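Scroll down for the structure; my scribbles are underneath it.
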Amino acid sequence: MRFPRSAPALLLSLAVPWLVDAGIPVVGVGSTSEAVPLRRNINELAAEAGPQWDLYIQALIEMHEANATDESSYFQVMGIHGKPFIEYNGGGEQRVGTDKWRGYCPHGVRSPGKKISSPAKALD
């Protein structure tokens, strides 16, 4: 029995609702060693202007063009670091004591015995 050319598209369309309901798995980059791979310097990546840079730009464009309610949209992913303070990917609100929830980013959160970091300063 032969399948029509549209069969893969049909199968994918049936799987999409299940994939969306499953949430977005947040995993690190694959590595063959136990060490955590270093994050590439964005300036070096841009200067190389190779396939990794192209893929990065294409991914950003896709994220920007996605609907704001899509958990993989730029709006939702960047919201992890700042406003709007909404739950992301089923993670729940993250509160420190009785403080009002301020999102997932821990910058500026005061913990007992820890000094709040001062703003970054330019290096001369």
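All the letters of the sequence shown, read from the start, carry residue numbers -22 to -1, 1 to 102 under mature numbering (1 follows the signal peptide of the UniProt record, and there is no 0). Backbone N, C-alpha and C fix where the C-beta goes; we use that ideal spot for every residue, glycine too. Nothing here was measured: the structure is a model prediction, and the numbers come from that model.
If you draw a straight line from the alpha carbon of residue i to that of residue j, how long is it in whole angstroms?
{"i": "HIS42", "j": "GLU49", "result": "12 Å"}
{"i": "ALA25", "j": "PHE63", "result": "35 Å"}
{"i": "GLN36", "j": "SER11", "result": "28 Å"}
{"i": "GLU40", "j": "SER51", "result": "8 Å"}
{"i": "ASN45", "j": "ALA13", "result": "36 Å"}
{"i": "residue 104", "j": "VAL55", "result": "Absent from the model: residue 104. The displayed extent of the chain is -22 to 102, so no value can be given."}
Only counting the same chain, and skipping five residues up and downstream in sequence, which positions put a Cβ closer than 7 Å to that of residue i?
{"i": "TRP31", "result": "LEU23, ALA24"}
I'd like the list of long-range same chain contacts for residue i, defined as Cβ closer than 8 Å, with 5 residues on each side in sequence excluded.
{"i": "TYR34", "result": "LEU23"}
{"i": "ARG18", "result": "GLN30"}
{"i": "LEU38", "result": "TYR52"}
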